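K.L.:
Just so we're on the same page, the numbering used here is the position in the sequence shown counted from 1, plus 14.
C-beta: ideal position from N, C-alpha, C; glycine also.
Only a predicted model underlies this, so the values are computations on that prediction, with no experimental measurement involved.
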Amino acid sequence: MKKHCVAALCCLLLAGCTKPVTRQVGEGQVAFACELLDAVGVTRSTTRPLPEGSVPASSDLKLVLSGTESEPLTYETMADYDMPMLTAGDYSARFTYGNPTAEGAGKGYFEGSCSFAVVARKTITQPVTVALANSLYTLSLSEWFGNYYTDYDLTVRTEAGLQTRYAGQSSEAQESEPVFVQAGTALYLSGTAVKTNGVEVSFPETLIGRTTARTWHTLSIDAGSVGQTGLIVSLDDMPVAIEEIPVELNPEA
């Protein structure tokens with residue numbers, strides 16, 4: 015009998031100490047203060063401004079608004095976001111711009127997200143940072159390259175199949191137009207060139223390296239050192255040697 019009394023007493027004490035969980039009721043609104051980063055990393059410690067015109071306006075961002083107690087709301091552009099009344103509770107917002115799998119000039123993909131709580135009968139302002147999520151690269155030829163090759167015809171290929179051709183005279187070569195590619199994709203280089211003695215050579219397709227998200231890579235093309243033949247291709251600071259192969263003028267002769 016004593017054990018039953020103790021158990022009953024414990025139940026009464028617990029019932030008296032436990033406060034009922036009050037769930038907030040009502041509706042509120044949220045306004046978003048979007049910050050779009052206009053620079054991207056080139057190394058771990060330095061950044062570089064993104065190409066002019068590649069950063070979207072905040073009004074062009076797509077928004078998916080998700081709540082724990084409601085169905086997701088989708089706005090194709092923030093220009094359509096009308097700050098609807100939302101049931102009080104926890105929410106997350108995801109902002110995107112562009113296509114994450116698209117590659118090429120002007121194909122930047124941006125994204126950002128945040129979590130927040132909607133408070134009944136209040137309007138909150140939620141900051142969010144939106145940044146480039148894919149990668150981009152530019153190609154440049156060194157002066158040393160021009161000492162060995164007068165003309166070039168090179169192609170950079172990504173795993174997704176994008177092929178970008180770079181051709182011209184070495185003396186007129188400048189840094190190429192930026193090309194956006196998927197983050198983590200492999201880059202391959204192949205092509206031909208004409209040496210200063212008039213001999214045409216080819217370069218077999220070779221893996222140069224992989225891109226990193228939110229990074230502007232530099233693909234540097236250099237000639238080998240004195241006594242070496244071929245190219246030294248570097249994705250940032252990671253050099254890869256590509257041996258040159260003489261092109262046969264009459265392979266069937």
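Give me the DSSP bridge partner(s) of Lys76.
P.N.:
For this step, residue 76 is matched to residue 62 along the sequence shown. Thr110, per the DSSP bridge assignment.
K.L.:
In three-state DSSP terms, what is Glu157?
P.N.:
Here residue 157 refers to the residue found at position 143 of the sequence shown. DSSP places Glu157 in helix when its eight states are reduced to three.
K.L.:
Let's test the definition: count the other Cβ atoms within 10 Å of the Cβ of Ala181 and tell me whether it reaches 16, buried, or not, exposed.
P.N.:
On the sequence shown, position 167 is the one that residue 181 refers to. Exposed.
K.L.:
Buried or exposed, going by whether 16 or more other CB atoms sit within 10 Å of the CB of Asn148?
P.N.:
Residue 148 sits at position 134 when you count from the first residue of the sequence shown. Buried, because 16 or more other Cβ atoms sit within 10 Å of the Cβ of Asn148.
K.L.:
Is the Cβ-Cβ distance between Tyr151 and Leu87 less than 8 Å?
P.N.:
In the sequence shown, counting from the first residue as 1, residue 151 sits at position 137. In the sequence shown, counting from the first residue as 1, residue 87 sits at position 73. No, these two residues do not count as a Cβ contact at 8 Å.
K.L.:
Let's test the definition: count the other Cβ atoms within 10 Å of the Cβ of Ile235 and tell me whether it reaches 16, buried, or not, exposed.
P.N.:
For the purposes of this step, residue 235 is taken as the residue at position 221 of the sequence shown. Label assigned to Ile235: buried.
K.L.:
Determine the DSSP secondary structure at Ser216, reduced to helix, strand or coil.
P.N.:
In the sequence shown, the residue the question calls residue 216 occupies position 202. Of the three classes helix, strand and coil, the one that applies to Ser216 here is strand, per DSSP.
K.L.:
Specify the secondary structure class of Met92 as computed by DSSP and reduced to three states.
P.N.:
Counting from one through the sequence shown, the residue named residue 92 turns up at place 78. Reduced to three states, the DSSP call for Met92 is helix.
K.L.:
For the beta strand (DSSP E) holding Pro63, just list the boundary residues, first then last.
P.N.:
The count along the sequence shown starts at 1 and reaches residue 63 at position 49. Unbroken beta strand (DSSP E) run through Pro63: 61 to 63.
K.L.:
If you run the structure through DSSP and keep just helix, strand and coil, what is Glu257?
P.N.:
The count along the sequence shown starts at 1 and reaches residue 257 at position 243. It is coil, neither helix nor strand.
K.L.:
How is Tyr123 classed by DSSP in three states: helix, strand or coil?
P.N.:
Taking the sequence shown and counting its residues from 1, one reaches residue 123 at position 109. Three-state result, Tyr123: coil.
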